[in-house]
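**Q** Each residue of the sequence shown is one higher than the last, beginning at 23 in the working numbering. Provided herewith is a single structure, encoded as structure tokens, for subsequent inquiry.
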Amino acid sequence: MKLPLPPLPPALLPRPKRPGEAEPVKPLDQVKEAGIATADWVDERTSLSGFARWVMFRKVPKGTNWFYTFGSATLFAFLSQAVTGVFLAMYYDPSITHAYESARHITNEVFLGEFVRGMHKWGSSVMVILIFLHMARTFLFGAYKYPRELNWLIGVVLLILTFVMSLTGYLLPFDQRSYWATVVAANINGTGPLVGPFLADFLRGGSEFGATTLSRFYAIHMLLVPGAIAALIGAHLYLVTKLGTTAPPWLKAESGNGIREERT
Ligand code: HEM
Numbered sequence: 023m024k025l026p027l028p029p030l031p032p033a034l035l036p037r038p039k040r041p042g043e044a045e046p047v048k049p050l051d052q053v054k055e056a057g058i059a060t061a062d063w064v065d066e067r068t069s070l071s072g073f074a075r076w077v078m079f080r081k082v083p084k085g086t087n088w089f090y091t092f093g094s095a096t097l098f099a100f101l102s103q104a105v106t107g108v109f110l111a112m113y114y115d116p117s118i119t120h121a122y123e124s125a126r127h128i129t130n131e132v133f134l135g136e137f138v139r140g141m142h143k144w145g146s147s148v149m150v151i152l153i154f155l156h157m158a159r160t161f162l163f164g165a166y167k168y169p170r171e172l173n174w175l176i177g178v179v180l181l182i183l184t185f186v187m188s189l190t191g192y193l194l195p196f197d198q199r200s201y202w203a204t205v206v207a208a209n210i211n212g213t214g215p216l217v218g219p220f221l222a223d224f225l226r227g228g229s230e231f232g233a234t235t236l237s238r239f240y241a242i243h244m245l246l247v248p249g250a251i252a253a254l255i256g257a258h259l260y261l262v263t264k265l266g267t268t269a270p271p272w273l274k275a276e277s278g279n280g281i282r283e284e285r286t
């Protein structure tokens, strides 16, 4: 038989609370409480928690693996481009007389300018590589088939818009390489059937390369296309949430799990 523990000294004994006396509230609890109250306040007026649950708590098919992360990785690359692009736009000047100088200023004089410009430059290649890997994954897993054809089509438009970003961004440093590479790209566009010449004129803002071309490329690069990409990613992810993702093709559908009728 075990001996009972000796009684605690009175200093360690918890003093019984007096009626109406509450626990002392710690500052951290107050912060938590304020956070919860704010989220509740917003939720009561918007019902956003239902939407968040719909987006976040989904069933994923058996066999989901690392190849399914390419889509989210592409999304991350896009967001990184958007953030670094905003900081570059604070210093960049899209006029033919100042563009090169402002890009040089970002690299050589602005605090962390070279780093942010480098992230944006290399990030563009990363996004193109990731979008191809993601597309390859969806193609090889047969995820473009019914009922996800529309999502594939949205993806194709996203791919084209990503190329437009690369093309329009390449001109912005306005050095010899970016200038002549874009002249070549616009000329290649001009050789396309039917719409080619119109497209080349549209890109140049006339028959000649000049001041209009640069401001046009800048507007397309930082307003028009990023807006369209963001909206299309919204639609793309809505469909991913609604339809779910496709199971890997090497997994056979489970049969006869109590749903199919037995046939004799
Ligand atoms: C900015 C570009 C894009 C972003 C941010 C993006 C994002 C995503 C994400 C997060 C998913 C969820 C599953 C996964 O990651 O595999 C997904 C699925 C999908 N994406 Fe994309 N995507 C992009 C471009 C594309 C392109 C270029 C295509 C094809 C042409 C495409 C076709 C699809 C399809 C068919 C699915 C459904 C996959 C399945 O059911 O398993 N996406 N996308």
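Ideal Cβ positions, reconstructed from N, Cα and C, are used throughout, including at glycine.
What whole-angstrom Cβ distance do I153 and T184 have, given they're in contact under 8 Å?
**A** 6 Å
**Q** Alpha carbon to alpha carbon, what distance is there between Y168 and D65?
**A** If you take the alpha carbons of D65 and Y168, they lie about 35 Å apart.
**Q** Less than 8 Å between the C-beta atoms of S117 and A233, yes or no?
**A** yes
**Q** Could you check the C-alpha separation between G85 and F196 for me, to the nearest Å?
**A** 48 Å
**Q** Can you find the residues in the same chain that come closer than 8 Å, C-beta to C-beta, to L194, ignoring five residues on each side of it along the sequence?
**A** Y114, P116, A121, A125, S200, L236, F239, Y240 and H243
**Q** Using only CA atoms, which one of T268, L189, A99 and W63 lies nearest to V206?
**A** L189
**Q** Using alpha carbons as the reference points, say which of S94, G135, I210 and A74 lies closest to F109.
**A** G135
**Q** Between H258 and the ligand HEM, is the CB less than 7 Å from at least one heavy atom?
**A** The nearest non-hydrogen atom of the ligand HEM is less than 7 Å from the C-beta of H258.
**Q** Comparing C-alpha positions only, which one of I255, F73 and T91 sits nearest to L175?
**A** I255
**Q** Buried or exposed for Q103, please, with buried defined as at least 16 other CB atoms from any protein chain shown within 10 angstroms of its CB.
**A** buried
**Q** May I have the straight-line CA-CA distance separating W46 from V82, to the nearest angstrom?
**A** Inspection of the sequence shows that residue 46 is occupied by Pro rather than by Trp. Going from the Cα of P46 to the Cα of V82 covers about 44 Å.
**Q** If you run the structure through DSSP and keep just helix, strand and coil, what is F133?
**A** coil
**Q** Taking Cβ positions, are T268 and F137 nearer each other than 8 Å?
**A** Taking the C-beta atoms as reference points, F137 is found no nearer than 8 Å to T268.
**Q** Roughly how many angstroms separate the alpha carbons of L245 and A253, rounded to a whole number?
**A** 12 Å
**Q** Given a threshold of 16 other Cβ atoms within 10 Å of its Cβ, counted over all protein chains shown, does Y260 qualify as buried or as exposed?
**A** exposed
**Q** I251 lies in the alpha helix (DSSP H); which residues open and close that run?
**A** If you look at I251, you'll find it in the alpha helix (DSSP H) that goes V247 to L265.
**Q** Note down, one range per segment and in chain order, each alpha helix (DSSP H) of at least 4 residues found wholly within the stretch 151-196.
**A** 171-193
**Q** Roughly how many angstroms separate the alpha carbons of L35 and P26, rounded to a whole number?
**A** 17 Å
**Q** Using the beta-carbon count (16 or more within 10 Å), is V77 buried or exposed?
**A** exposed
**Q** Tell whether a beta-carbon distance below 8 Å holds between N130 and P270.
**A** no
**Q** If I measure Cβ to Cβ from E227 and keep anything under 7 Å in the same chain, skipping five residues before and after, which residues do I get?
**A** Residue identity differs from the one stated: residue 227 is Gly in this sequence, not Glu. Closer than 7 Å at Cβ, skipping near neighbours: T234, T235 and R238.
**Q** So for T119, helix, strand or coil by DSSP?
**A** coil
**Q** Check T204 in the structure and name its three-state DSSP category.
**A** Helix at T204.
**Q** Can you give, in chain order, each stretch of the alpha helix (DSSP H) that sits fully within the stretch 66-111 and has at least 4 residues?
**A** 70-78 and 92-111
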